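One structure below.
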DNA sequence: GTGAAAGCGCTAACAT
DNA sequence: ATGTTAGCGCTTTCAC
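Here it is as structure tokens:
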């Protein structure tokens, strides 16, 4: 009734545990005959090796931890798929954790992952200063930061070009004839929040367009803030003719507000969002967006982590920056006469 | 440079490992003074207990495995959130795995989870016959099936009323005056696929509407099949005036096809989907759907698992069925004159 | 080619 | 109130 152990197998097969261990681990130097006897015993007992015990002696778990801030953001499942796919190839197992954008939960999760002796960590942190990572760094556990940088520690990082993407988005708006352009930006203490705003600014400066303070809305990357921000914008004496939303959730919120208040997309207001949405094509008119190669981001992150985990001695930290792509659909053209085209 | 162990702490604090263990586990019966000494040592070494070692002796990991078939289906993140939230309350840790709808991967994952000695398993299986679960059942590891039943074993189950939801959806279509109603159904070997079709049939029978064989499209719950199914429907000599899609991804595919072929939603064809979509309100016209309480599903699943894990002796298997709700928006009204209203 | 035995880091009796 | 010690199930020298 007890879970069978390597001992039970050894007894049944009339060999030592060492031999069983060798069979399990596919080491050679074992007579075919005994090997088969062992395999039959394993079969009979439906023995499953205990990974905990193995990890204790090997001092490695073949497990990596992945911490993401919001599993309900469609961005992350794709990222996760990318990570898992690569991990699976190298037979690493992934433990996925959701910090829910809370630095406290993130700290707890790190603690728990450390207790469970993960071999490495991939993280999109909820707090870019990264004090939470202290224990990880201390133990020299391989880490890679995805999508958001860590300020306090020098760690491997994989990002997409935020400044670049936001710059392109804003320029697109400008080239459509918009001059009253608003941004619903993310928290300025996060890299994406900060950089996307920087790209936005750069485009405006380059085209010598003034930035009205009232056109800057402080969001938090969640739907609700996009929703409220849009309403705020609409209530301005002079509402913008175009909005750049800094992430998909806020784009969604913006869209909801637009519909609700009857601010007509593509006629009275243009919109471009950072990050694609699976339904962007069904919005009326279809939504123009900055799209990020999320899956590749995940793949690159694991590859980097793997390189780190398997490298001996010193490791030189690397930063990868992938390029976003702007998907032009139709939400940025304005049909009103005072806009060109 | 080595990870500090309980021994290091004991030495530094000049106590035995047993005492350190007691402090770590917050057992009382320890002089405040020594306790503090131990805590200081822990602090100084930034010691983190090794959960592997602990689990080995305790024979429990406080970890549950969760296997879902498709992390990119917006349904599952919600489910996961529900599970995690409850798990966290009872300080259980969740390992999330994605089978990608593959029974083979699912088997592997189960194997790995078993190797890692999870205390329980929550699963939405990729193969409802459930042979993969054999080893889990054998070891008497608590399991709960979510959203899809297991045919070969009697296990705790949490579902939503598929028949009911599909029945309501179809009836809604009928009451809008539709008689040429098609269904894009899921694989008939899965419970949701089968039951949703049954609900569909029941409504038609009840209202004495004939079911044209050509109106039954065999999908696989993925976007592509919804897309292709819709095109097939359109190419019929006599296309249906309404479509019931059996899950969100196929609804999405259907929508894409509709747009592409110019089959106008709400004018030439009505649509109701099983499962809500975050953008259902932005479709033109807004999409009517059958909505499932996904978060609650997850909560209920963990609660059930927890009850099982903490119960002594025999456990009577339970089945919970939560009720879906139909969210009426506007995609089912037809504007053409030969339909009532 | 195979076995004996020493741990891995921790907990839980059992002593004291 | 605290210490001693025997494992938990496995891998890995080191012998034979």
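Residue numbers (the numbering used here), protein chains in the order written: chain A, -11 to 329; chain B, -11 to 329.
Built from N, CA and C at the ideal position, the CB exists for glycine as well.
These numbers were taken from a predicted model, which means no experiment stands behind them.
- Identification of chain A residues near residue 29(B) by a Cβ-Cβ cut-off of 7 Å yields none; the smallest Cβ-Cβ distance measures about 16 Å.
- Residue environment: residue 138(B) is assigned as buried (16 or more neighbouring CB atoms within 10 Å of its CB, all protein chains considered).
- No Cβ-Cβ contact shorter than 9 Å links residue 103(A) with residue 58(A).
- Secondary structure of residue 144(A) (DSSP, three-state): strand.
- Contact with chain B is found for residue 41(A), since one of that chain's Cβ atoms lies less than 9 Å from the residue's Cβ.
- In this structure, residue 210(A) places its C-beta atom within 9 Å of the C-beta atom of residue 241(A).
- Contact check for residue 253(B) and residue 246(B): beta-carbon distance about 5 Å, within the 8 Å limit, so the pair qualifies.
- Counting along the chain, residue 206(B) sits inside the beta strand (DSSP E) bounded by residues 204 to 206.
- Within the same chain, and ignoring the five residues on either side of residue 319(A) in sequence, the residues whose Cβ sits closer than 8 Å to its Cβ are 253, 254, 258, 259, 260, 271, 273, 274, 275, 276.
- Scanning the stretch 225 to 303 of chain B for uninterrupted alpha helix (DSSP H) segments of 4 residues or longer gives 236 to 249, 282 to 298, listed from N- to C-terminal end.
- Contact with chain B is found for residue 266(A), since one of that chain's Cβ atoms lies less than 9 Å from the residue's Cβ.
- In this structure, residue 133(A) keeps its C-beta atom at 9 Å or more from the C-beta atom of residue 149(A).
- Per the C-alpha coordinates, the member of 52(A), 278(A), 20(A) positioned closest to residue 106(A) is 52(A).
- Residue 168(B) and residue 215(B) do not touch by the CB rule: their CB atoms are close to 21 Å apart, not below 8 Å.
- Per DSSP, residue 3(B) is not a residue of any alpha helix (DSSP H), being assigned neither H nor E.
- Flagged as an interface residue toward chain B: residue 84(A), by a C-beta distance shorter than 9 Å.
- Under the three-pair Cβ rule at 8 Å, the stretch 299 to 318 of chain A does not count as touching the stretch 111 to 127 of chain A.
- With contacts defined as CB atoms closer than 9 Å, residue 174(A) and residue 190(A) fail to qualify as a contacting pair.
- Of all residues in the stretch 168 to 186 of chain A, none comes within less than 9 Å of chain B when Cβ atoms are compared.
- Cβ neighbours of residue 249(A) within its own chain (closer than 7 Å, five residues either side excluded): 219, 222.
- Going by beta carbons, residue 292(A) and residue 62(A) fall outside the 9 Å limit.
- Apart from sequence neighbours up to five positions away, the residues of its chain that approach residue 278(B) with a beta-carbon distance below 6 Å are 153, 157, 262, 312, 314, ordered along the chain.
- Straight through space, the alpha carbons of residue 267(B) and residue 206(B) are spaced by roughly 25 Å.
- Residue 113(B) sits in coil when the DSSP states are folded into three classes, being neither helix nor strand.
- For residue 305(B), the nearest beta carbon of chain A is not closer than 9 Å to its own beta carbon.
- By the Cβ test, the stretch 36 to 47 of chain A is in contact with the stretch 40 to 48 of chain B, since at least three Cβ pairs between them sit closer than 8 Å.
- One thing to note: residue -7(A) has its Cβ no nearer than 9 Å to the Cβ of residue 1(A).
- Taking the Cα of residue 284(B) as reference, the smallest distance to any Cα among 66(B), 136(B), 165(B), 30(B) is reached at 66(B).
- For the stretch 124 to 135 of chain B, the set of positions with a beta-carbon nearer than 8 Å to some beta-carbon of chain A reads 126, 127 in chain order.
- Around residue 229(B), no beta-carbon contact reaches into chain A at under 7 Å, the shortest distance being about 21 Å.
- By the rule that beta-carbons nearer than 9 Å mark a contact, residue 247(A) touches chain B.
- At a cut-off of 9 Å between C-beta atoms, residue 112(A) does not count as an interface residue with respect to chain B.
- Within chain B, the residues 267, 269, 270 have their CB atoms less than 9 Å from the CB of residue 243(A), given in chain order.
- Ranked by how close their Cα comes to the Cα of residue 81(A), the residues 170(A), 32(A), 50(A) have 50(A) in first place.
- Per DSSP, residue 53(A) is one residue of the beta strand (DSSP E) stretching across 51 to 56.
- Neighbourhood of residue 300(A) in chain B, by CB distance below 8 Å: empty, with the nearest CB roughly 15 Å away.
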